[in-house]
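Chemist:
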Amino acid sequence: MLKTSEKIFSETPSIITKEEGLKILNGVIPLTTCLDKAFQERNRYFENIVRIHILDNIKNGYCPEDCGYCAQRKNANSGVQEYPMKSEQEIYEDAVQAKKNGAYRFCMVTSGTGPNRLTT
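Written as structure tokens, this is what we have:
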């Protein structure tokens with residue numbers, strides 16, 4: 001059986017087990033080793049090219065859902081500053097600024113369920 005690091009970082013990586021994943025999370029395989037290997041792989045496929053992706057939070061808080069993992073859920077006490085959906089003009093201005101800053105991709109996220117006619 002291959003050592004965990006060999007399985008992950010070989011030319012033909014294979015699926016790791018839960019126990020092997022925990023070795024990474026618990027530091028048995030140092031994070032610096034993982035970061036170095038990730039850098040080598042990125043460099044192998046993309047050389048020194050970096051693409052900037054901008055993530056714009058267009059609505060924060062005010063979520064009607066109560067997903068236990070989310071800091072924006074309706075019963076959370078996370079201190080997240082709530083604000084309603086940004087206007088189309090604000091979103092447009094954010095996108096223009098992202099483009100000026102060299103963004104390759106502009107993504108928008110919002111708290112809550114899916115969009116509907118009242119919020120779009």
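If you're matching positions, the sequence shown starts at 1 in full-length UniProt numbering and goes up one per residue. Backbone N, C-alpha and C define an ideal beta-carbon position, used for all residues, glycine too.
What number of angstroms, rounded off, separates the C-alpha of Lys-100 from the C-alpha of Met-85?
Modeler: The alpha-carbon atoms of Lys-100 and Met-85 are separated by roughly 23 Å.
Chemist: So within the segment 8-54, which uninterrupted alpha helix (DSSP H) runs reach at least 4 residues, ignoring any that extend past its ends?
Modeler: As far as the segment 8-54 is concerned, its whole alpha helix (DSSP H) runs of at least 4 residues are 18-25, 31-46.
Chemist: Asn-77 to Tyr-45, Cα distance in whole Å?
Modeler: So the two alpha carbons sit approximately 43 Å from each other.
Chemist: Tell me whether Lys-86 sits in a helix, a strand or coil according to DSSP, three-state version.
Modeler: Three-state result, Lys-86: coil.
Chemist: Within 10 angstroms of the Cβ of Cys-67, are there 16 or more other Cβ atoms? Answer buried if so, exposed if not.
Modeler: So Cys-67 counts as exposed.
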